[in-house]
Amino acid sequence: MKTFLQKHSYTLLLLGAVFLFSLFFFSLQSDKENINNYVTVTVSSGETLWEMAERYGNENLTKNDFIDWIEKHNQLQAESLKPGEKIVIPVEKDINVLASER
-13 MKTFLQKHSY TLLLLGAVFL FSLFFFSLQS DKENINNYVT VTVSSGETLW
37 EMAERYGNEN LTKNDFIDWI EKHNQLQAES LKPGEKIVIP VEKDINVLAS
87 ER
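If you're matching positions, the sequence shown starts at -13 in my numbering and goes up one per residue.
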């Protein structure tokens, strides 16, 4: 057994690295697929994430959680919001909208 591990240690390390990379890659892909289920809005001039949280928010998220979700999933900070920018918000699309996009 020891000689097997010595002979194939690089192969086993390579297989382990490929496995870990695959897990990481597929976890990123699943996040991207889930984003497609959420509404995309265009930022208006002077609009803030707080106003979006008030307009689109629901009982499932506090306003702060709503803003944190937007910042995380759009890789932005509230201060860097620009008019005309399209961002994804934590509001699920209607099932009929999803079906029409296919």
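The beta-carbon is built from N, C-alpha and C at its ideal position, and this holds for glycine as well.
When secondary structure is reduced to three states using DSSP, T34 falls in the coil class, being assigned neither helix nor strand.
For the 7 Å CB-CB criterion, I21 and L35 do not form a contact.
Per DSSP, reduced to three states, the secondary structure at T28 is strand. Per the DSSP secondary-structure output, V4 pairs with nothing in a beta bridge. Per DSSP, the continuous beta strand (DSSP E) segment holding E78 begins and ends at K72 to E78.
If you ignore the 5 residues before and after V29, its C-beta comes within less than 6 Å of the C-beta of L67, P69 and E71, all in its own chain and listed in chain order. By the 16-neighbour rule on beta-carbons within 10 angstroms, V4 is exposed.
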